[in-house]
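*Asks:*
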């Protein structure tokens, strides 16, 4: 029964993920078209940098997947150590091996702790790092768009609208990539 429940939950998660990817991709595409209608030169500059942000997001995703797998394996080792200790406790008591069992469990537990700390650090760094990277891109667009507005190439209102839309463009791009 638990296997069926688990499989059903996983299928639901995959379905939700698929609809989210389609939705976020559609939003990014619509915003990209809209950005082209506002100012095509700045949009081309944005699109030339977008792969860098997407590659950074994909790299973080791969790193997060790796440390999450390590965390799952380590948790399996902890569960295995607990199971062995519980089933063999009577034998261990007869031969006074409790300290050895404790030492083995402590070693496995410490290893799991270190792996989970690393996993937490990687996952906690994903979005702040991508936000900083997106901020640098936005700062560059802000600078060049401001220069274009001062030079009369685009209006100040079009420049403001472009920057406001760029802010909305990053979320679906990062969401789909990660």
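Numbering (this note's numbering), first residue to last: 151 to 328.
Virtual Cβ for every residue (Gly too), placed ideally from N, Cα, C.
Check this for me: beta carbons of residue 194 and residue 318, under 8 Å apart or not?
*Replies:* No, the pair does not count as a contact, with Cβ atoms beyond the cut-off.
*Asks:* In the DSSP assignment, the alpha helix (DSSP H) including residue 227 goes from what residue to what residue?
*Replies:* Looking at the DSSP string, the run of the alpha helix (DSSP H) that includes residue 227 is 190-237.
*Asks:* Whose CA, out of 158, 162, 159, 201, lies closest to the CA of residue 326?
*Replies:* Closest by alpha carbon: 201.
*Asks:* Taking the straight line between their C-alpha atoms, what separation do you get for residue 240 and residue 264?
*Replies:* Residue 240 and residue 264: Cα-Cα distance of roughly 31 Å.
*Asks:* What number of angstroms, rounded off, separates the C-alpha of residue 160 from the C-alpha of residue 293?
*Replies:* When rounded, the distance between both Cα atoms is 45 Å.
*Asks:* How do the stretch 161-172 and the stretch 299-315 stand: do at least 3 beta-carbon pairs fall below 8 Å, yes or no?
*Replies:* Because the criterion of three Cβ pairs below 8 Å is not met, the stretch 161-172 and the stretch 299-315 do not touch.
*Asks:* Kindly list the residues whose CB is nearer than 8 Å to the CB of residue 178, restricted to its own chain and excluding five residues on each side of it in sequence; keep chain order.
*Replies:* Same-chain partners within the cutoff: 319, 322, 323, 326.
*Asks:* Are the beta-carbon atoms of residue 308 and residue 189 separated by less than 8 Å?
*Replies:* Cβ distance < 8 Å, so residue 308 and residue 189 count as in contact.
*Asks:* Is residue 291 buried or exposed, if buried means 16 or more other CB atoms sit within 10 Å of its CB?
*Replies:* Residue 291 should be labelled buried.
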